[in-house]
Amino acid sequence: MDAYLSWFNSSAPKGTIPLPTLTRAAIGHLYFESIHPFEDGNGRIGRALAEKSLAQSIGQPSLTSLAYTIEKSRKACYGELEANQRTLDITEWLIYFSQTILEAQQATLARIAFYIGKGKFYDRFRGQFNERQDKVVSRMFREGIEGFKGGLNAEIYISITGTSRATATRDLQDMVEKGVMSRSGERRHTRYTLNMPEAKK
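Rendered as structure tokens:
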């Protein structure tokens, strides 16, 4: 660990042998995971060190969801780590980790757009929902960017609100007519999605 810390500090932007940002973050993560100094928490600390590398290069905390992105594809990440811990040629790891960082940046931008869109959505439709509709819309936002698996349908609406099928159908149709939601599919394949305003507008 002494050698690792010495390398980490000397390879920083103001260190004696500064490395390019993505290279340093990738190597720092790989080598820390290879050393595996603790019984538990090595993955979290390794991701934190990678994020620290990014932050040091821009002089402020980096707004990337790197830990979230790695966690989403944990199995693939562990496979890459294992494959590259056994060789001195870590080119494939550098490529993989750099792509992961770029994916994390894209995921962060998508999340920011989602929350801005959520704010604009409520500005536009505030006061237009009944209690049941408000409950469902809030729940849809809690599901995040990916939303309900398979989309919102009448059965999910009934499950969330505890209302009858006739009332659920009326509520959903009302939201479609108001422009709150879009409907796709027919009969039991009917799905509803929120009409999110674009973040840039």
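Sequential numbering from 3 applies to the sequence shown in this note's numbering. Even for Gly, the Cβ is constructed at its ideal location relative to N, Cα and C.
Residue range of the unbroken alpha helix (DSSP H) whose run includes residue i
i	result
Ser161	Ala156 to Thr163
Arg274	Residue 274 cannot be examined here, being either before or after the span of the chain that is shown, 3 to 203.
Ser13	Counting along the chain, Ser13 falls outside any alpha helix (DSSP H), and DSSP gives it neither H nor E.
Gly121	Thr93 to Phe127
Met3	Premise fails: Met3 is in no alpha helix (DSSP H) and is neither H nor E.
Asn44	Asn44 to Ile60
Thr169	Arg167 to Lys180
Residue(s) in a DSSP beta bridge with residue i
i	result
Arg185	Tyr194
Collapsed DSSP secondary structure at residue i in the structure displayed
i	result
Thr23	helix
Ile147	coil
His31	helix
Lys203	At Lys203 the pLDDT is 44, less than 50, meaning the model places this residue with poor confidence and gives no usable figure here.
Glu133	helix
Thr89	coil
Ser67	coil
Glu73	helix
Environment of residue i [buried if 16+ CB atoms lie within 10 Å]
i	result
Gln130	exposed
Asp173	buried
His191	exposed
Phe40	exposed
Asn11	exposed
Leu154	buried
Leu90	exposed
Ala52	buried
Ser13	buried
Tyr80	exposed
Ile72	buried
- Query: Do the region 63-72 and the region 88-108 meet, that is, are 3 or more Cβ pairs less than 8 Å apart?
  - Reply: yes
- Per the contact definition of three or more C-beta pairs closer than 8 Å, is the region 128-145 in contact with the region 167-183? yes
- Does the region 88-104 touch the region 22-40, meaning 3 or more C-beta pairs lie closer than 8 Å? yes
- Does the count of Cβ pairs from the region 191-200 and the region 112-127 closer than 8 Å reach three? yes
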